[in-house]
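**Student:** These protein sequence lines are chains A and B, in that order.
Under this note's numbering, the first residue of the first sequence carries the number 2, and numbering increases by one thereafter.
Under this note's numbering, the first residue of the second sequence carries the number 7, and numbering increases by one thereafter.
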Amino acid sequence: MTTLLELQGIEKSFSGINVLKSVDLTIQAGRVVALAGENGAGKSTLMKIISGIYQRDAGTVIYKGNEVKFTTARQSMDAGIGIIHQELNLLPELSVAENIYLGREPTKLGKIQWDVIERESKKYLAQLKQDIDPKTPLGKLSIAQQQMVEIAKALSLNAEVIIMDEPTDALTDIETAILFEVVDELRAQGKGLVFISHRLGEIFQMCDDIAILRDGEMVHQGPVSEITEDDLIRHMVGRELSDQYPFVPAVPGDVRIEVEKLTAHGAKEVSFTAHAGEVVGFAGLVGAGRTELAKAIFGANPIQSGTVKIDGKEIRLKSPQDGVKAQIGYVTEDRKQEGLVQSQELGANMSLTGLDRFCNALGFVNKASEAVTISEYIEAFAIKTRDANTIISNLSGGNQQKVSIAKSLVPEPKVLILDEPTRGVDVGAKREIYTLINKLKAEGLCILLISSDMPELLGISDRIHVLSSGKLTGSFARAEATQENIMRCAVAGQTNG
Amino acid sequence: MKLNDFISENKSLIGLIILMAAVSFANANFLGIDNMLNILRQTSINAVIAMGMTFVILTAGIDLAVGSILAFAGAICASLIGMDTPLIIALVATIMVGAGLGATSGVIISYFNVQPFIATLVGMTMIRGATLVYTQGRPISTGYFDVAESFYQFGGGYMFGIPNPVILMVVIFALCWFVLSQTRFGRYVYAIGGNENVARLSGINVKKVKILVYALSGALAALAGIILTARLESAQPTAGLGYELDAIAAVVLGGTSLAGGKGRIFGTIIGALIIGVLNNALNIMDVSSYYQMIAKGAVILLAVVVDSRGKSNA
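(1) Using the beta-carbon of each residue, which ones in chain A are nearer than 7 Å to glutamine 188 of chain B?
(2) Here's a check: name, in chain order, each residue in its chain whose Cβ is nearer than 8 Å to the Cβ of glycine 248 of chain B, leaving out the five neighbours to either side.
(3) Return the bridge partner residues of aspartate 231 of chain A from the DSSP annotation.
(4) For isoleucine 24 of chain B, I'd like the list of residues in its chain whose CB is within less than 7 Å of its CB, leaving aside the five on either flank, ordered along the chain.
(5) With DSSP run on the structure shown, which of helix, strand or coil describes valine 310 of chain B?
(6) Does any CB atom of chain A fall closer than 8 Å to the CB of serine 208 of chain B?
(7) Which complete beta strand (DSSP E) runs does the region 260-344 of chain A hold, if anything under 3 residues is left out?
(8) Say whether chain B places a C-beta atom closer than 8 Å to the C-beta of valine 325 of chain A.
(9) Taking the beta carbon of alanine 362 of chain A as the centre, do at least 16 other beta carbons fall within 10 Å, making it buried, or is it exposed?
(10) Quick one, are the C-beta atoms of alanine 241 of chain B and cysteine 83 of chain B less than 8 Å apart?
(11) To test your reading of the DSSP string, which unbroken beta strand (DSSP E) runs of 3 or more residues are found completely within the region 66-129 of chain A?
(12) Does the beta-carbon of isoleucine 13 of chain B have 16 or more other beta-carbons within 10 angstroms, so that it is buried, or is it exposed?
(13) Bridge partners of isoleucine 448 of chain A, per DSSP?
(14) Which residues, taken in chain order from the region 391-402 of chain A, show a beta carbon closer than 9 Å to some beta carbon of chain B?
(15) Using a C-beta cutoff of 8 Å, does glycine 267 of chain B count as contacting chain A?
(16) Are the Cβ atoms of glutamine 338 of chain A and tyrosine 196 of chain B separated by less than 8 Å?
(17) From the DSSP output, in three-state form, read off methionine 165 of chain B for me.
(18) If we define contact as Cβ-Cβ less than 8 Å, is tyrosine 296 of chain B a contact residue for chain A?
(19) Give me the Cα-Cα distance between proline 400 of chain A and asparagine 439 of chain A, rounded to the nearest whole angstrom.
(20) When the Cα of glycine 43 of chain A is compared with those of A/Ala295, A/Leu441, A/Asn390 and A/Leu214, which residue comes out closest?
(21) In terms of alpha-carbon separation, which member of B/Gly58, B/Gly106 and B/Lys213 lies closest to phenylalanine 78 of chain B?
(22) Considering just the uninterrupted stretch of the beta strand (DSSP E) at serine 476 of chain A, what are its terminal residues?
(23) Counting only beta-carbon separations shorter than 8 Å, does glycine 200 of chain B have a partner in chain A?
(24) So what does DSSP say about threonine 496 of chain A, is it helix, strand or coil?
(25) Any idea if valine 20 of chain A is buried or exposed, counting beta-carbon neighbours within 10 angstroms, 16 or more meaning buried?
(26) Under three-state DSSP, which class holds alanine 56 of chain B?
(27) Give me the DSSP bridge partner(s) of valine 366 of chain A.
(28) For a test of the three-state rule: what should DSSP assign to phenylalanine 36 of chain B, helix, strand or coil?
(29) Grab me the residues of lysine 262 of chain A's own chain with a C-beta within less than 6 Å of its C-beta, minus the 5 sequence neighbours each way, in chain order.
(30) Go to methionine 130 of chain B, then tell me how far its alpha helix (DSSP H) extends in each direction, as first and last residue.
(31) Whose C-beta lies closer than 6 Å to the C-beta of glycine 191 of chain A among residues of the same chain, with five residues either side of it excluded?
(32) Can you tell me whether DSSP reads alanine 99 of chain B as helix, strand or coil?
(33) On the criterion of 16 or more Cβ atoms from any shown chain inside 10 Å, does valine 312 of chain B qualify as buried, or is it exposed?
(34) Quick check on DSSP: helix, strand or coil for isoleucine 271 of chain B?
(35) Please look up how many angstroms separate the CB atoms of valine 411 of chain A and arginine 358 of chain A, rounded, as I've assumed it's under 8 Å.
(36) Quick check: is any heavy atom of the ligand COA less than 7 Å from the C-beta of glycine 21 of chain B?
Pasting the structure below:
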């Protein structure tokens, strides 16, 4: 067995948060290693360090016997490391062939040799049993076909090491089976492969070795044959819950929101109810449809069928205005693109959704009463800022998040949807946000909490629903909810695509 | 520190003062009260258009149709006055026509997802064509009824020794300032320009706000058409050619970002005055109009470069 790539003691921090802690990993010729771990465990970061997209802070990378330090994706590609990214990195306007050879088109006297490109592209697509005309614009293909093009691109690099980051996420069963055949072939050719997947079944079916990351640490490495699925789940989630999560039991009031057979983009026939004064958590893997569900309930995504009732009254949801009018607050997971106007002041951001509260019939803003409310929230939420005129982008992630929550509260909602409220927030600020959630709960707010941070979800929810591929696959009362239970429901239905 | 803030927030005002000081050294007649009023009057038409343009640019849009709307509205107004329509009705109808044309651009942009540049470029072409059709390519006289005499006051009259167009400009400025800084609508305009997606998810009716913004721009272009028609005592089918570019230049000189979300109406007035002073100075210094265009372009470039350098240092 020859070692192709060896990582030793890799460290990486982003703005002071340690996301990789002394990680070792070995990739051997002719073997497939599965890289497992929860969302945010550091898998993608580790792969990006291998491929030169991120630079490591410490540690060594030895590739075919020599220490390397790639500074661009180009360099790692030229050296023979191919990576198939989770998000498709293709250009929809260009043809399939152009995409496969983008940036390394063979030329003759400066003229691109289209016949070569198309012939070679066809060859690699055929290897994946894809009958796609290389001249087709990529955007015309299905997502699964686009994923296959991305894989063909990796094959065409003739890479020694191939990293696949959730390659089967967009594939149907048939295409997944084809991909596995190709993986077998690559293994026989002596390539080293890394396979990242949330679908645990695939790991046992496909891989030789397994490496499990948790909170940036490598917690287990060894042959797949020596581990059970239960062990795997335990290694992935096995953290101790501490008083990081200050839980106060709910005193649930009346039913506040009833969602019935809601179908929208990414969500299928989801039904649930939530009461005043409780926190209902939503668990699931990335892409399970939680954000899509939340946006549909808020009116930001069109509802295809099903109903949403607030206090027993069905509401019409055609746009976010309707959501705000129905007293639903939505704190988006993407603060930068959806939550706050980064170039504007804290105050203007905070009062944006609830501006009506400070306006008279002619739409004149009563700036004095607005300023009072803003400073009340700044104080109550302990937002660290010089004053309400600070530009939002100058605040830390945690403080921005508090502004974002306050912004949804200004219009005095009955239901508050929090979508990943602690993403990109440091540990101290996280605890402050949990305390805040408890306080709002005690005041009788109905809170729907979406989080990919499982201990957090278990720590502060009264009940937890699990989504998988857009469907509700499990519901647990607080006492019954364990990480293992939830993980099982979250991956349920995943193997069937 | 405080001084630095003042300088960086009032770069266009400082630029205007420097420009005026330089010109007054070169020509002793420049600073006279008559010439100052003259500059203000010459600036008023561009300033009125540019204030509407400011709203549009704050939403990260652009309105190329304002010059054509000015001509079309002017022609409608001249006809109405020529038909002895009561003054107030003629004025309101003209402004409604401008607002309607602007709102049409807004609807096309909001509901058909057409880029503002393209939607208003189409508007500019079609409305200019409609003006030529309507006027048969000839000037329209405002006629000889009594109403024409009072109508001319909008272009040539004075109140307390100040030209009426200048008074109109100041009134419009006060209104625009109030709307932008003191009303919900103004907040929404800034929010949409800052990040349209955030605005939408904050429950703002983005489509409605955008339509209103283009309607306002059209209405102010029509008002500019009224002033110009009253001044010339007739409507010219080719009036307002290229005015959209002067208006955009005034907005940009005033420090408003073409990317949207940032800017002040006060800056736009200063920007319009810089262009007005420049035109006037080059005229009284007897510079050929060919060179004037080169000089104007150079000054705008200089101002924008200074402004963007300031931003990247911050």
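Glycine is no exception: its CB is placed at the ideal position from the N, C-alpha and C atoms.
**Tutor:** Let me lay it out:
(1) Walking along the second sequence from the start, residue 188 of chain B turns up at place 182. For glutamine 188 of chain B, the chain A residues whose Cβ falls inside 7 Å of its Cβ are Phe365 and Val366, in order along the chain.
(2) The residue labelled residue 248 of chain B in the question sits at position 242 within the second sequence. For glycine 248 of chain B, the CB contacts under 8 Å within the same chain, skipping 5 residues up- and downstream, are Gly73 in chain order.
(3) Residue 231 of chain A sits at position 230 when you count from the first residue of the first sequence. In the DSSP output, where bridge partners are listed per residue, aspartate 231 of chain A has none listed.
(4) In the second sequence, counting from the first residue as 1, residue 24 of chain B sits at position 18. The beta carbon of isoleucine 24 of chain B is closer than 7 Å to none in its chain, skipping five residues each way along the sequence.
(5) Numbered from its first residue, the second sequence carries residue 310 of chain B at position 304. Of the three classes helix, strand and coil, the one that applies to valine 310 of chain B here is helix, per DSSP.
(6) For the purposes of this step, residue 208 of chain B is taken as residue 202 along the second sequence, with counting starting at 1. Yes, serine 208 of chain B lies at the interface with chain A (some Cβ there is under 8 Å from its Cβ).
(7) Fully enclosed beta strand (DSSP E) runs of 3 or longer: 268-276, 280-284, 304-311 and 329-332.
(8) On the first sequence, residue 325 of chain A is found 324 positions in, with the first residue counted as 1. Closer than 8 Å to some Cβ of chain B, the Cβ of valine 325 of chain A qualifies, so yes.
(9) Here the question's residue 362 of chain A lines up with position 361 in the first sequence. It is exposed - the Cβ of alanine 362 of chain A has fewer than 16 other Cβ atoms within 10 Å.
(10) Here the question's residue 241 of chain B lines up with position 235 in the second sequence. Here the question's residue 83 of chain B lines up with position 77 in the second sequence. Yes; because the gap between Cβ atoms is below 8 Å, this pair is in contact.
(11) You should have 82-85.
(12) Within the second sequence, numbered from 1, the residue matching residue 13 of chain B stands at position 7. Answer is exposed; the Cβ neighbour count stays below 16.
(13) As a working mapping, residue 448 of chain A is identified with position 447 in the first sequence. As DSSP reads the structure, isoleucine 448 of chain A sits in a beta bridge with A/Val280 and A/Leu417.
(14) Cβ contacts with chain B come from no residue of the region 391-402 of chain A.
(15) Looking up residue 267 of chain B in the second sequence gives position 261. Output row for glycine 267 of chain B: interface = yes.
(16) Working through the first sequence from its first residue, we reach residue 338 of chain A at position 337. Working through the second sequence from its first residue, we reach residue 196 of chain B at position 190. Here glutamine 338 of chain A is not near tyrosine 196 of chain B, since their CB atoms are 8 Å or more apart.
(17) As a first step, residue 165 of chain B must be located in the second sequence, where it is residue number 159. Three-state DSSP puts methionine 165 of chain B in a strand.
(18) Here residue 296 of chain B is taken as the residue at index 290 of the second sequence, counted from 1. Answer no: the Cβ-Cβ gap between tyrosine 296 of chain B and chain A never drops below 8 Å.
(19) Locating residue 400 of chain A in the first sequence gives position 399, where the first residue counts as 1. Locating residue 439 of chain A in the first sequence gives position 438, where the first residue counts as 1. According to the sequence provided, residue 400 of chain A is asparagine. The question's proline does not apply to it. The straight-line gap separating the alpha-carbon atoms of asparagine 400 of chain A and asparagine 439 of chain A is approximately 18 Å.
(20) Indexing the first sequence from 1 puts residue 43 of chain A at position 42. Selected option, being the one with the closest Cα: A/Leu214.
(21) One-based indexing of the second sequence puts residue 78 of chain B at position 72. Nearest of B/Gly58, B/Gly106 and B/Lys213 to phenylalanine 78 of chain B, Cα basis: B/Gly106.
(22) Indexing the first sequence from 1 puts residue 476 of chain A at position 475. For serine 476 of chain A, the enclosing beta strand (DSSP E) covers residues 472-478.
(23) As a position in the second sequence, residue 200 of chain B is number 194, starting the count at 1. Output row for glycine 200 of chain B: interface = yes.
(24) If you number the first sequence from 1, residue 496 of chain A lands on position 495. Note that threonine 496 of chain A scores a pLDDT of 44, beneath 50, so its modelled location is shaky and nothing firm can be said.
(25) For the purposes of this step, residue 20 of chain A is identified with residue 19 of the first sequence, where counting begins at 1. With 16 or more other Cβ atoms from the protein chains shown falling within 10 Å of its own Cβ, valine 20 of chain A counts as buried.
(26) Position 50 of the second sequence, counted from the start, is the residue given in the question as residue 56 of chain B. Of the three classes helix, strand and coil, the one that applies to alanine 56 of chain B here is helix, per DSSP.
(27) Locating residue 366 of chain A in the first sequence gives position 365, where the first residue counts as 1. Answer by DSSP bridge pairing, in chain order: A/Cys360.
(28) The sequence position of residue 36 of chain B within the second sequence is 30, counting from 1. In this structure, phenylalanine 36 of chain B counts as coil in the three-state DSSP scheme.
(29) To locate residue 262 of chain A, count along the first sequence from 1; it is residue 261. Same-chain partners within the cutoff: Glu270, Ser272 and Gly307.
(30) Along the second sequence, read from residue 1 onward, the residue named residue 130 of chain B stands at position 124. Per DSSP, methionine 130 of chain B belongs to the alpha helix (DSSP H) from 122-141.
(31) Translated into positions along the first sequence, residue 191 of chain A becomes position 190. So the qualifying residues of the chain are Ala30 and Gly31.
(32) The sequence position of residue 99 of chain B within the second sequence is 93, counting from 1. Helix, per DSSP.
(33) Here residue 312 of chain B corresponds to residue number 306 of the second sequence, with the count starting at 1. In the assembly as shown, valine 312 of chain B is an exposed residue. Its beta-carbon has fewer than 16 other beta-carbons within 10 Å.
(34) As a working mapping, residue 271 of chain B is identified with position 265 in the second sequence. It is helical.
(35) Taking the first residue of the first sequence as position 1, residue 411 of chain A is located at position 410. Taking the first residue of the first sequence as position 1, residue 358 of chain A is located at position 357. About 7 Å separates the two Cβ atoms, so the contact holds.
(36) This structure does not include the ligand COA; it has no bound ligands of any sort.
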